[in-house]
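S.K.: Quick one: the structure is below, and I'll ask about it shortly.
Take a look at the structure:
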């Protein structure tokens, strides 16, 4: 994990609609799980990357602080925030496809899930002569 300090320059990159938006500014304040910085942002850039001068990801942009001109806040990639991000990245994501193959019933075409997660489909049990579901 990268260390950052007060007054360090950071860069935010995110998408405003279909356009990449980038802004730079300096750190106002730090806590163990948040960083506040003076830089402008646009709607839609929440979830964008916040990198330091070495282009290392240090935070995930959350948004602006209401009533405080050009001050934005992000979740630092430390402690529990970093642990949560790593747990999401470690999951093996899967797409489960359904095909009634001539049977009757209602199922989704596909469900995106991750390994170990239980998938629940409609309460209606599909039917097909000669096959038990």
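In my numbering, the protein residues as written are 802 to 934.
Ideal Cβ placement from N, Cα and C applies to all residues, glycine included.
(1) What does the alpha-carbon distance come out to for the pair residue 839 and residue 884?
(2) So if DSSP puts residue 899 in a beta bridge, which residue, or which two residues, is it bridged to?
(3) The beta strand (DSSP E) with residue 863 in it runs from where to where?
(4) Just the C-alpha distance for residue 929 and residue 900, rounded to the nearest angstrom, thanks.
(5) Please check the pair residue 828 and residue 855, which I expect to be a contact at CB under 8 Å, by giving their CB distance rounded to whole angstroms.
(6) Quick one: what does DSSP say residue 842 is sitting in, helix, strand or coil?
(7) Any chance the region 890-909 sits against the region 864-880, with 3 or more Cβ pairs inside 8 Å?
M.R.: Put simply:
(1) Taking the CA atoms as reference points, residue 839 sits about 27 Å from residue 884.
(2) Answer is none; residue 899 lacks a bridge partner.
(3) Residue 863: member of the beta strand (DSSP E) spanning 858-865, first to last residue.
(4) Their Cα atoms are separated by approximately 12 Å.
(5) Not really, about 15 Å apart at Cβ, beyond 8 Å.
(6) Residue 842: coil per DSSP, three-state reduction.
(7) Taking a cut-off of 8 Å on C-beta distances, the region 890-909 does not touch the region 864-880, as fewer than three cross pairs fall below it.
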